[in-house]
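Under the working numbering, the first residue of the sequence shown carries the number 9, and numbering increases by one thereafter.
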Amino acid sequence: MIQFTCLSGRKPGTCWIADRLPVRLGRAPDCHVQLTEEGVWDHHAQVCLLGRSQFVLKVLGQALAYVNGRPVQEAHLRNGDILELGAAKLLFSLSPTRPRSLLWPELLTWLGLAAVAVAQAALIYWLAG
9 MIQFTCLSGR KPGTCWIADR LPVRLGRAPD CHVQLTEEGV WDHHAQVCLL GRSQFVLKVL
69 GQALAYVNGR PVQEAHLRNG DILELGAAKL LFSLSPTRPR SLLWPELLTW LGLAAVAVAQ
129 AALIYWLAG
């Protein structure tokens, strides 16, 4: 669904993929994205879904957060936004999707084409005879 990639701090390059919402970010053990950098509160922020397709960052308590360098208490997130929570800098993005398997539709298509070819050959043999 969504992912957070650590750009700076103690774990650069680390990715967290969230499979359900809301996602809590902070220092506490019950947070989905645990950040141990300075300035990160136990429950710093959370990302939730507004409607069917709008992700919203909500800063909890008196914590400070920045989205693309601007201080926010609540912000609509877009793919590629940079979040700053304390000394942690995270990239917000949509997680990669797995393509649906096309094995059965492709197999049925080839079987259908083979059946048509056999039917044509049988028709030609029948008409020639």
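Ideal Cβ placement from N, Cα and C applies to all residues, glycine included.
Where do the N-terminal and C-terminal ends of the beta strand (DSSP E) with residue i fall, by residue?
i   : result
T13 : I10 to S16
With DSSP as the reference, please indicate the residues paired to residue i in a beta bridge.
i    : result
W134 : BP columns for W134 are empty, so no partner.
W139 : Outside the displayed span of the chain (9 to 137) sits residue 139, for which this structure offers no information.
Whole-angstrom Cβ separation of residue i and residue j, contact assumed at under 8 Å?
i    : j   : result
G21  : A95 : 16 Å between Cβ atoms; not a contact.
W49  : G34 : 6 Å
L98  : T13 : 7 Å
L102 : N87 : 5 Å
L143 : V55 : Residue 143 is absent from the structure shown; the chain starts at 9 and stops at 137.
Can you list, in chain order, the residues of its chain with a C-beta nearer than 7 Å to that of residue i? Leave out the 5 residues immediately preceding and following it.
i    : result
D89  : V75, N76 and F100
P37  : none
D27  : M9
Q62  : H84
E92  : A73 and Y74
A71  : W49, H52 and A53
L58  : V64
W134 : none
Kindly examine the ligand SAH and report whether one of its heavy atoms sits closer than 7 Å to the Cβ of residue i.
i   : result
S16 : For the structure depicted, the ligand SAH is absent and the ligand set is empty, with no information on it obtainable.
Please work out which residues of its chain come closer than 8 Å, Cβ to Cβ, to residue i, disregarding the five sequence neighbours upstream and downstream, and give them in chain order.
i   : result
V67 : H52, A53, A73, V80, Q81 and E82
H40 : W24, A26, V31, R32 and L33
E46 : G94 and A95
For the segment 31-110, list the beta strand (DSSP E) runs that are entirely contained and at least 3 residues long, ordered along the chain. 31-34, 53-58, 62-67, 73-75, 78-80, 82-85, 90-93 and 96-102
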